[in-house]
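Protein chains: 2
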Amino acid sequence: MAKGINLKTAELEKISHLDYFNIAVSVDCVIFCYENKELKVLVIKSDLEEFSNLYSLLGDLVRLDEDLDTASYRILQERTGMEDVYLEQVHTFGSVDRHPSGRVITTAYYSLIDAKHQKLRLTNNDLHWHPVKNIKKMAFDHKAILDTCLNRLREQVMEHPVIFNLLPEKFSLRELQELYEAILSVELDRRNFRKKIAIKDWLVDLNEMEEDVPHRPGKLYKLKPEFKRKTLRRKTSNQRPLVA
Amino acid sequence: MAKGINLKTAELEKISHLDYFNIAVSVDCVIFCYENKELKVLVIKSDLEEFSNLYSLLGDLVRLDEDLDTASYRILQERTGMEDVYLEQVHTFGSVDRHPSGRVITTAYYSLIDAKHQKLRLTNNDLHWHPVKNIKKMAFDHKAILDTCLNRLREQVMEHPVIFNLLPEKFSLRELQELYEAILSVELDRRNFRKKIAIKDWLVDLNEMEEDVPHRPGKLYKLKPEFKRKTLRRKTSNQRPLVA
DNA sequence: AATTAATGTGTTGTAAGTACATATTTGTAT
DNA sequence: ATACAAATATGTACTTACAACACATTAATT
């Protein structure tokens, strides 16, 4: 930035449009949901010729009067009609040649939403939920963006109570475990899983039972209100002894 | 991005310079070193009037033909004269009003370098190493950027062998422990610390001793070559069972 | 030769992680 | 109504990591 090479404001303005204001800034959202025991991501058909028949993530250019975080919220609201979503910045992708139409850098966000509550704005362009594990190729560098966001989700999912954004208000422990298994692509031991969740102390027992299941119903739980978060607040000062 | 709203390339070009290519893109580097038992960061005096007497991080605008990662390497090389540095992207800061001269978004990187090897390009502008814990205020949003990068460093330091980039090739366990303590701002138990480091199996015993210390010399170690990394390679597929 | 200051290591209790088995409840089919 | 199938619910023993803590050893200094 200008402060780095210590340009005066006047100098900055002189060279601006010539050399620097030629990079477009976009955001791309990796919007996850959980449906039919699968982790899915919201994709849309790319209509650039270069990427015919490939899907891309949802994104848009950032407006001049709009914060980066605000832009990602806008995408999400425009596309899913949901307010109040979980959203977190992951990484910025800035290779020179990542976009065929010109120099565009993009900041990737991931988002977790409850499949039941969203109402997709189904335009044309084949906007739809796609199972994450079936996706091999995407337009642009979007497969790399997806992988990066999925990895971030996996890293956070055991340490932070973010996963509940993918579930309805009330859920059984079986549903929760199946969701973990879908995200992590592992099988978990039911007894140990329940112990681990119990230790976290994230849940409230609702004293209600599942209904309409073709077997013995399980208890229903919900996330304790104090753990509900729209974005993951990373601890600003980390004073707990990480070692010894 | 354009692919999000599915503009055709022609449309994209039509609106580009009018509305979107007015955001400048910069990188800022939080360059850490370890000197006199303190964690320090490389800063330079801001010469924007708004921030007279405040320090800022080292950054620059990203060039049109330069990858984002390349830009941060360039800053680092220009300023420290070092090749081969550890560098990792942390977060992108994109508030509308974060820069007084116009709309500038910046991607923050943190870097770890061995204080002994760098030769500062001491221009004017009071470029110097500043102890991290003494910094209360900086120009722009640079204090927030510094805090974010320090937090990232703290998160990574016990899990990944990155800290060795701050040390000379050969070091004693005492030096290593003091470095951890400086970064984490905690005191560590020597015996437990050594056990924990031993388990990681990151080090080679060089069968050499410290010299010129005013007390019983300790053994010297170095990082096993297979752990030397310029950037932290985040695991792409995480198959280890995170739960149970 | 005595003192000082740091190195180097071991033990014990506690908490968490892992592997594994049995009894219980409900819905369904006969 | 009874038997069966399928999922819930829970406990124990073993192993590994974490935390608190104390003593003998080595080299430099006086």
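Line by line, the protein sequences are chains A and B.
Quick note on numbering: the working numbering labels position 99 of the first sequence as 99, and the sequence is numbered without any gaps.
Quick note on numbering: the working numbering labels position 15 of the second sequence as 1015, and the sequence is numbered without any gaps.
Where a beta carbon is used, it is the ideal one built from N, C-alpha and C, also for glycine.
CB contact check: Q1118 of chain B to chain A, cutoff 8 Å: Within the second sequence, numbered from 1, the residue matching residue 1118 of chain B stands at position 118. Under the Cβ distance rule, Q1118 of chain B does not count among the residues neighbouring chain A, no pair being separated by less than 8 Å.
Stretch pair the region 158–168 of chain A + the region 111–126 of chain A: three plus CB contacts closer than 8 Å: Segments in contact, yes.
First through last residue of the alpha helix (DSSP H) which encompasses E178 of chain A: Indexing the first sequence from 1 puts residue 178 of chain A at position 178. Where E178 of chain A is concerned, the enclosing alpha helix (DSSP H) stretches over 173–184.
Buried/exposed call for E83 of chain A, threshold 16 Cβ in 10 Å: As a working mapping, residue 83 of chain A is identified with position 83 in the first sequence. Burial check for E83 of chain A: the Cβ neighbour count within 10 Å stays below 16, so the residue is exposed.
Boundaries (first-last residue) of the beta strand (DSSP E) holding D1065 of chain B: By one-based count along the second sequence, residue 1065 of chain B stands at place 65. Per DSSP, D1065 of chain B belongs to no beta strand (DSSP E) and is neither H nor E.
Neighbour list for E283 of chain A in chain B, Cβ cutoff strictly below 8 Å: Any answer about residue 283 of chain A is impossible in this case: the structure gives chain A only from 1 up to 244.
Residues of the region 83–107 of chain A with Cβ closer than 8 Å to any Cβ of chain B, in chain order: Cβ proximity to chain B below 8 Å picks out Q89, H91, T92, F93, G94, S95, V96, H99, P100, S101, G102, R103, V104, I105, T106, T107 from the region 83–107 of chain A.
Closest Cα partner of L39 of chain A within the set A:K133, A:Q177, A:R191, A:K222: Working through the first sequence from its first residue, we reach residue 39 of chain A at position 39. With distances taken between Cα atoms, L39 of chain A lies closest to A:K133.
For E83 of chain A, three-class secondary structure by DSSP: Residue numbering aside, residue 83 of chain A sits at position 83 when the first sequence is read from its first letter. E83 of chain A: coil per DSSP, three-state reduction.
Min CB distance V1043 of chain B to chain A below 8 Å: To locate residue 1043 of chain B, count along the second sequence from 1; it is residue 43. False, the Cβ-Cβ gap to chain A never drops below 8 Å.
For I1105 of chain B, the three-state DSSP class (helix, strand or coil): Residue 1105 of chain B sits at position 105 when you count from the first residue of the second sequence. In the three-state DSSP reduction, I1105 of chain B falls in the strand class (E or B).
Delimiting residues of the alpha helix (DSSP H) encompassing F1151 of chain B: As a first step, residue 1151 of chain B must be located in the second sequence, where it is residue number 151. Here residue 1151 of chain B turns out to be Asn, not Phe, going by the sequence shown. According to the DSSP assignment, N1151 of chain B belongs to the alpha helix (DSSP H) that extends over 1142–1157.
Beta carbon proximity, N1053 of chain B to chain A, threshold 8 Å: Walking along the second sequence from the start, residue 1053 of chain B turns up at place 53. False, the Cβ-Cβ gap to chain A never drops below 8 Å.
Rounded distance between the beta-carbons of I197 of chain A and L173 of chain A, thought under 8 Å: For the purposes of this step, residue 173 of chain A is taken as residue 173 along the first sequence, with counting starting at 1. For the purposes of this step, residue 197 of chain A is taken as residue 197 along the first sequence, with counting starting at 1. With a Cβ gap of about 7 Å, L173 of chain A and I197 of chain A count as contacting.
Chain B residues whose Cβ lies nearer than 7 Å to that of V25 of chain A: Against the first sequence, residue 25 of chain A aligns to sequence position 25. Close to V25 of chain A, with beta-carbon spacing below 7 Å, are these residues of chain B in chain order: I1023, V1025, I1105.
Per DSSP, the bridge partner or partners of F93 of chain A: Counting from one through the first sequence, the residue named residue 93 of chain A turns up at place 93. F93 of chain A is bridged by DSSP to A:T106.
Rounded separation between K1037 of chain B and E1187 of chain B - CA only: For this step, residue 1037 of chain B is matched to residue 37 along the second sequence. For this step, residue 1187 of chain B is matched to residue 187 along the second sequence. Straight-line Cα distance between these residues: approximately 13 Å.
Beta-carbon spacing of V1027 of chain B, I1105 of chain B below 8 Å: Translated into positions along the second sequence, residue 1027 of chain B becomes position 27. Translated into positions along the second sequence, residue 1105 of chain B becomes position 105. No, these two residues do not count as a Cβ contact at 8 Å.
Simplified DSSP assignment, three categories, for E1038 of chain B: One-based indexing of the second sequence puts residue 1038 of chain B at position 38. It is a strand residue.
Euclidean distance between Cα positions of E78 of chain A and E50 of chain A: In the first sequence, counting from the first residue as 1, residue 78 of chain A sits at position 78. In the first sequence, counting from the first residue as 1, residue 50 of chain A sits at position 50. In a straight line, the C-alpha of E78 of chain A is about 26 Å away from that of E50 of chain A.
Other residues of its chain near G218 of chain A: CB distance less than 8 Å, five sequence neighbours each side excluded: Locating residue 218 of chain A in the first sequence gives position 218, where the first residue counts as 1. Residues of the same chain with a CB within less than 8 Å of the CB of G218 of chain A, apart from the 5 flanking positions on each side, are S172, L173, R174, M209, E210 in chain order.
Cα-Cα separation between H1099 of chain B and N1022 of chain B, rounded to whole angstroms: Within the second sequence, residue 1099 of chain B is the residue found at index 99, counting from 1. Within the second sequence, residue 1022 of chain B is the residue found at index 22, counting from 1. Across the structure, H1099 of chain B and N1022 of chain B are spaced so that their CA atoms are roughly 13 Å apart.
DSSP three-state assignment for E11 of chain A, whether helix, strand or coil: Position 11 of the first sequence holds residue 11 of chain A. With a pLDDT of 46 at E11 of chain A, under the threshold of 50, the modelled position of this residue cannot be trusted; read the value that follows with caution. Helix.
Given 8 Å, three or more beta-carbon pairs between the region 1063–1077 of chain B and the region 1137–1156 of chain B: Contact check between the region 1063–1077 of chain B and the region 1137–1156 of chain B: fewer than three CB pairs, one atom from each, fall below 8 Å, which does not count as touching.
Three-way DSSP call (helix, strand, coil) for I1023 of chain B in this model: Reading the second sequence from its first residue, position 23 is the one you call residue 1023 of chain B. I1023 of chain B: coil per DSSP, three-state reduction.
Beta-carbon spacing of T1148 of chain B, A1108 of chain B below 8 Å: For the purposes of this step, residue 1148 of chain B is taken as residue 148 along the second sequence, with counting starting at 1. For the purposes of this step, residue 1108 of chain B is taken as residue 108 along the second sequence, with counting starting at 1. Closer than 8 Å, so yes.
Buried or exposed (CB count within 10 angstroms, at least 16 for buried), D126 of chain A: As a working mapping, residue 126 of chain A is identified with position 126 in the first sequence. Around the beta-carbon of D126 of chain A, fewer than 16 other beta-carbon atoms lie within 10 Å, marking it exposed.
Beta-carbon neighbours of V1204 of chain B, restricted to chain A and to distances below 9 Å: In the second sequence, the residue the question calls residue 1204 of chain B occupies position 204. Within chain A, no C-beta atom comes nearer than 9 Å to that of V1204 of chain B; the closest sits roughly 21 Å away.
Rounded straight-line distance, which links the Cα of Q177 of chain A to that of I31 of chain A: Here residue 31 of chain A refers to the residue found at position 31 of the first sequence. Here residue 177 of chain A refers to the residue found at position 177 of the first sequence. Spanning the two alpha carbons is a distance of roughly 21 Å.
DSSP state of I1199 of chain B mapped onto helix, strand, coil: Residue 1199 of chain B sits at position 199 when you count from the first residue of the second sequence. Helix, per DSSP.
P1225 of chain B to S1056 of chain B span [Cα, whole Å]: The residue you call residue 1225 of chain B lines up with position 225 of the second sequence. The residue you call residue 1056 of chain B lines up with position 56 of the second sequence. Answer to the nearest angstrom: the Cα atoms are 35 Å apart.
Separation of V1062 of chain B from G94 of chain A, as counted between CA atoms: Translated into positions along the first sequence, residue 94 of chain A becomes position 94. Translated into positions along the second sequence, residue 1062 of chain B becomes position 62. So the alpha carbons of these two residues sit roughly 10 Å apart.
Counted within 10 angstroms of its Cβ, other Cβ atoms place P131 of chain A as buried (16 or more) or exposed: On the first sequence, residue 131 of chain A is found 131 positions in, with the first residue counted as 1. Around the beta-carbon of P131 of chain A, fewer than 16 other beta-carbon atoms lie within 10 Å, marking it exposed.
Any C-beta of chain B under 8 Å from that of I199 of chain A: Walking along the first sequence from the start, residue 199 of chain A turns up at place 199. Among the residues facing chain B, I199 of chain A is not included, as its CB has no counterpart in that chain under 8 Å away.
For F1193 of chain B and L1184 of chain B, the rounded distance between their alpha carbons: Position 184 of the second sequence, counted from the start, is the residue given in the question as residue 1184 of chain B. Position 193 of the second sequence, counted from the start, is the residue given in the question as residue 1193 of chain B. Roughly 13 Å between the two C-alpha positions.
Short Cβ contact (8 Å threshold) for Y1034 of chain B with L1179 of chain B: Your numbering for residue 1034 of chain B matches position 34 in the second sequence. Your numbering for residue 1179 of chain B matches position 179 in the second sequence. Yes, the pair counts as a contact, with Cβ atoms nearer than the cut-off.
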